[in-house]
Amino acid sequence: MDQSQTTAAEPLVHSRLEDGVLTLTLNRPQQYNALSWAMLEALREALRSAQDPDVRVVVLAGAGKAFCAGHDLKEMRANRTLDFQRRLFALCSEVMLSLIRLPVPVIARVHGIATAAGCQLVGMCDLAVASSEARFAVSGINVGLFCSTPSVALSRNMGRKEAFEMLVTGEFIDAEEAHRRGLVNRVVAPEVLDEEVERLTASIKAKSPVAVRMGKELFYRQLEMGIEAAYQLAGEVMACNMMAEDAAEGIDAFIEKRPPQWRGC
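Mapping the sequence shown onto numbering that gives the first Met the number 0, position 57 (from 1) lands on 56, and the numbers just tick up by one.
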């Protein structure tokens, strides 16, 4: 990844679309990609570009030595009004929720540290691939600030006791432990991190776009439902999916023992 220093002329989020993969790179390397107000706004705008029909997968990365060190504490300390804090966390929550509302999978490419809201960012991405050198923490408790918003993401990725331990101790866990707890999908050596991300994106791009889109929306909606309502919704979505051209093409291709030609509808 780009290891250069941010200048005033550079965007806070680098955006690159290549072969269906939109890579968004947080670009405040000197501040370990801390989520300032401006950074959150830039990320919100960058994520809106993922609505482009040419985008099949989004990869979220960080420039420099870290993935993301969480909120910009200096900015928060300099704006000590309740109104500012409320608006900041509302903006942050909007960005976090937009990750699961996107019609395509979002993969966190994690290296270095992912702390506090940076760890929350990993938890809110659909998938995560981490370098074996990555480390994770929700460390607000160390400065008298319980990581309440990150707790929403952590408690939906790992066991309650494991999540709460991180939240009340602020201690770091390594990449292997993050994998064991369910925060990341894969852990690889730093030198093959990009290769592993590309392998995962290639696997997703090989699937029907309409099936992935419908499946992601269903996945998150049913999680918040009771089991009967979840099955009712899932059955309806699956029936509608079966009516898609891609489903007909995929089944025909399977029967005819040939690769499918997805139409995206």
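Even glycine gets a Cβ: it sits at the ideal position worked out from N, Cα and C.
Asked: Residues that DSSP places opposite G61 in a beta bridge; Found: L25
Asked: Assigned secondary structure, R178 (DSSP; H/G/I helix, E/B strand, else coil); Found: A quick correction: the sequence has His, not Arg, at residue 178. Correct three-state label for H178: helix.
Asked: Residue from G263, V137, D125 and S131 whose Cα sits closest to the Cα of V191; Found: S131
Asked: Straight-line gap, R159 to E216 (C-alpha atoms, nearest Å); Found: 25 Å
Asked: Ranges of the alpha helix (DSSP H) found wholly within the segment 119-193, counting only runs of at least 4; Found: 147-154, 159-168 and 174-180
Asked: Contact under 8 Å by Cβ, T89 with G122; Found: Residue identity differs from the one stated: residue 89 is Ala in this sequence, not Thr. Contact flag unset, no.
Asked: Alpha carbon of M241 to alpha carbon of G169, nearest angstrom; Found: 47 Å
Asked: CA nearest to the CA of R47, picked from A77, L72 and M95; Found: M95
Asked: V20 - DSSP class collapsed to helix/strand/coil; Found: strand
Asked: A107, DSSP secondary structure in three states; Found: strand
Asked: Cut-off 7 Å between Cβ atoms - residues of its own chain near Q221, not counting five sequence neighbours on either side; Found: A229, L232 and A233
Asked: Own chain partners of T5 with C-beta closer than 7 Å, once the 5 adjacent residues on each side are dropped; Found: Only weak support is given to the placement of T5: the predicted model assigns it a pLDDT of 48, under 50, and the value that follows is read from those uncertain coordinates. If we look at T5 and ignore the five residues flanking it on each side, its Cβ neighbours are N26, R27, P28 and Q29.
Asked: Nearest-angstrom beta carbon gap, I106 and T200 [assumed within contact, 8 Å]; Found: 7 Å
Asked: Exposure label - A247; buried when at least 16 CB within 10 Å; Found: exposed
Asked: Nearest-angstrom Cβ-Cβ length linking V58 and T22, presumed shorter than 8 Å; Found: 5 Å
Asked: Euclidean distance between Cα positions of P258 and M213; Found: 21 Å
Asked: 6 Å Cβ shell around Q84 - same chain, five flanking residues per side excluded; Found: none
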